[in-house]
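Encoded as structure tokens, the structure appears first; notes follow it.
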Amino acid sequence: MDVFINAYAASASHAVLFTLPLPLLYMHAEALQEAARTSKALQNYESSVKKFHSTTMAAIFGENPQIIILITIFATFFLFYLRVRSRKKSCEPTVWPLVGMLPAVVQYLHRGHDKVTEILCECGGTYWFRGPWFGNIDMLFTSDPANIQHIFSKNFSNYPKGSEFRKKFEILGDGIFSADYELWELHRRTTLALMNQAKFYSSLERNVWQKIQSGLLPVLDRFSRQGTDVDLQEIFQRFTFDNICQLVLDYDPCSLSTDLPYIPCEKAFSNALEPLFHRHLLPESIWKLQKWLNLGNERKLAEAWKAFDDFIYPLISSKEVERERDDSLNILTAFRKAYEESNNISFSGDLRQFLRDSMLGLLFAGRDTTSTCLTWLFWLISTNPSAQTKIREEIERELHVKEGQNWRFFGIEESSKLIYLHGALCESLRLFPPLALEYKSPVRPDTLPSGHHIRQNTKLIISFYSMGRMETIWGKDCLEFKPERWISGRGGIEHWPSNKFPAFNVGPRTCVGKEMSFVQMKMVAATIIYHYNIKLVEGHPVTPRDSIILQAKYGLRVSLSKRDVI
1 MDVFINAYAA SASHAVLFTL PLPLLYMHAE ALQEAARTSK ALQNYESSVK KFHSTTMAAI
61 FGENPQIIIL ITIFATFFLF YLRVRSRKKS CEPTVWPLVG MLPAVVQYLH RGHDKVTEIL
121 CECGGTYWFR GPWFGNIDML FTSDPANIQH IFSKNFSNYP KGSEFRKKFE ILGDGIFSAD
181 YELWELHRRT TLALMNQAKF YSSLERNVWQ KIQSGLLPVL DRFSRQGTDV DLQEIFQRFT
241 FDNICQLVLD YDPCSLSTDL PYIPCEKAFS NALEPLFHRH LLPESIWKLQ KWLNLGNERK
301 LAEAWKAFDD FIYPLISSKE VERERDDSLN ILTAFRKAYE ESNNISFSGD LRQFLRDSML
361 GLLFAGRDTT STCLTWLFWL ISTNPSAQTK IREEIERELH VKEGQNWRFF GIEESSKLIY
421 LHGALCESLR LFPPLALEYK SPVRPDTLPS GHHIRQNTKL IISFYSMGRM ETIWGKDCLE
481 FKPERWISGR GGIEHWPSNK FPAFNVGPRT CVGKEMSFVQ MKMVAATIIY HYNIKLVEGH
541 PVTPRDSIIL QAKYGLRVSL SKRDVI
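Here you go:
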């Protein structure tokens, strides 16, 4: 049937042509000829273009095959990106081929702690970081209180500091921060025995008060009279360094004096922190190569190491030839005795190195944690004037001092009455914990309460910084500075569990110097707040430093004006 229809249509078409007038027939023929010429021209043009393209592309790629490789790689990355973006959770950084999440690290390096916090908040408190395939730096980040309780308390024995931690923090040697098992127990037992002596806190009170009178007030008075601004972070670091040296080594280096002398060991603490932090970010082979070549951050760390040794070893030698004094705590003697009586403990060095490592650990604990908390406290109260007013009113009420009256010594018992100041210090520790990150690694496979399965030697990073900024722990006002959250309904101190407030660590490794820190911080803070009006220098940036210890990156520059007190 189709054949008959087509034949009929063709005959009908020709019939129409024969019925047309002659001029129209000529025009129709010319149109057909023009169409034929145009069609042929188009065919010739298409052929020329194809020939040109093939010749040109062959010339380009024939001489430059690497272009094909680059285009292929780019296309692969782009298609992979689109595929991952359509599947991944919005909270997780993109995992790129070969380099993992490294591009995100580079992009947010200037605000690393805050970016980690954002990701943890969006991902429910735990997420995997995938590093470059060649770097072996995959890590599990967590700020989940249930995970913290499991790692630091319930399954404590499965999460020692481990060899990886000791490798990164080799500068600490056999000190308490890097020790495990029997060696850690020896450190803790010896330190607790010293702190439980009746004269320990009396020595602490005396040392702190003497340093306030002879160092802190004269230095701040000088800046106040001159009308020049001062970096409070540096002042606090010098104060705590002098104080812990006096307590541990029975030696005052006098770094906090009116001329602010340069003390290499005092500066070495801050200089060592950034290289130690970067060891967590770089593949081990990279930072070890830098160490071998004595370049970059590893050179800074080596210089800090030398400064520590040059400061501590001579003091150890001088104390060995001195006779015991009745009023001395004899901390060196206590650690020497502990070393000599330890029969089943393996040390990495001799007695002198053990004493050096033990003293360095105590100096680290006494200098950086306290000075960092004080720095952030004064930034917070400077940006919250009402809190500063309440602290001042509490000082006058509880310590029975009024404007225009003599400032007098107060100790542990009286400092316990400063509830609002205690709450302000806790808020500082919550929002800016001195130890921003903690590193752990299991010796056996484990499953965390969050459901994450981890293999032996998996790297775990616990973000204490993030924990203080999570609505799931502290509520919707978690970013606000509210000392009142630490005051109970009866007017006492409100205590929070350490797996939610880990400023002094969690579980068996909880800081033994917690109370000592609060006493020292209250004495220093109350003295400054009572004597001076404090104003931040306009335009001075205040931001956390990406470091193991959460110092202010550019310090805390303020101007001081003396209040009308005696």
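Per full-length UniProt numbering, the sequence shown starts with residue 1, numbered consecutively. The beta-carbon is built from N, C-alpha and C at its ideal position, and this holds for glycine as well. All of these numbers come straight from a predicted model, not from anything done at the bench.
Cβ neighbour criterion (16 or more within 10 Å) applied to residue i
i                 : result
proline 93        : buried
asparagine 297    : buried
valine 248        : buried
serine 255        : buried
leucine 220       : buried
histidine 400     : exposed
tyrosine 465      : buried
phenylalanine 409 : exposed
aspartate 357     : buried
serine 428        : buried
phenylalanine 134 : exposed
glycine 539       : exposed
isoleucine 71     : exposed
residue 576       : Nothing about residue 576 can be read from this structure; the chain reaches only from 1 to 566.
arginine 189      : exposed
serine 270        : buried
arginine 498      : Going by the sequence as given, residue 498 is serine instead of arginine. Its Cβ being crowded by 16 or more others within 10 Å, serine 498 is buried.
Residue i (DSSP reduced to helix, strand or coil)
i                 : result
isoleucine 119    : helix
aspartate 242     : helix
lysine 553        : coil
alanine 12        : Here alanine 12 scores only 41 on pLDDT, less than 50, and its place in the model should not be relied on; the value that follows carries that caveat. In the structure shown, alanine 12 sits in a helix (DSSP, three-state: H, G or I).
leucine 536       : strand
aspartate 231     : strand
leucine 560       : strand
isoleucine 312    : helix
leucine 22        : The pLDDT assigned to leucine 22 is 40, lower than 50, so where the model puts this residue is not dependable; a value taken from the coordinates is nonetheless given after this. Three-state DSSP puts leucine 22 in a helix.
phenylalanine 410 : coil
methionine 125    : Here residue 125 turns out to be glycine, not methionine, going by the sequence shown. Coil, per DSSP.
threonine 191     : helix
tryptophan 133    : coil
proline 508       : helix
glycine 100       : strand
histidine 278     : helix
proline 497       : coil
Proximity of residue i and residue j at Cβ, strictly below 8 Å
i                 : j                 : result
aspartate 180     : proline 160       : yes
valine 519        : isoleucine 381    : no
proline 433       : isoleucine 148    : no
serine 463        : leucine 437       : yes
glutamine 237     : serine 371        : yes
lysine 522        : leucine 418       : yes
leucine 421       : glutamate 394     : yes
valine 558        : isoleucine 529    : no
phenylalanine 335 : aspartate 174     : no
valine 512        : leucine 192       : yes
aspartate 114     : threonine 126     : no
asparagine 243    : asparagine 207    : yes
phenylalanine 308 : leucine 360       : yes
glycine 555       : aspartate 229     : no
aspartate 368     : isoleucine 119    : no
phenylalanine 177 : phenylalanine 364 : yes
leucine 301       : alanine 272       : yes
Cut-off 7 Å between Cβ atoms - residues of its own chain near residue i, not counting five sequence neighbours on either side
i           : result
leucine 186 : Ala338, Ser342 and Ile345
alanine 526 : Ile395, Leu418 and Leu421
valine 99   : Pro132
Opening and closing residue of the alpha helix (DSSP H) in which residue i lies
i                 : result
leucine 289       : 284 to 293
isoleucine 529    : 514 to 531
leucine 140       : Leucine 140 -> not in any alpha helix (DSSP H); beta strand (DSSP E) instead, spanning 139 to 142.
valine 208        : 198 to 211
phenylalanine 165 : 162 to 168
Cβ neighbours of residue i in the same chain (closer than 6 Å, five flanking residues each side left out)
i              : result
isoleucine 171 : Trp305
serine 488     : Glu494
glutamate 164  : Ser441
glutamine 551  : Thr372 and Arg545
glutamate 274  : Ser547
lysine 390     : Tyr420
histidine 453  : Thr447
glutamine 233  : Thr375, Ala552, Gly555 and Leu556
glycine 468    : Arg430 and Leu431
lysine 168     : Arg279
Limits of the unbroken beta strand (DSSP E) element including residue i
i                 : result
phenylalanine 441 : Per the sequence shown, the amino acid found at residue 441 is serine instead of phenylalanine. From DSSP, serine 441 is part of no beta strand (DSSP E); its letter is neither H nor E.
lysine 459        : 459 to 463
Neighbourhood of residue i by C-beta, 8 Å cutoff - its chain only, sequence neighbours within 5 removed
i             : result
glutamine 456 : Pro442, Val443, Arg444 and Pro445
glycine 491   : Ile419
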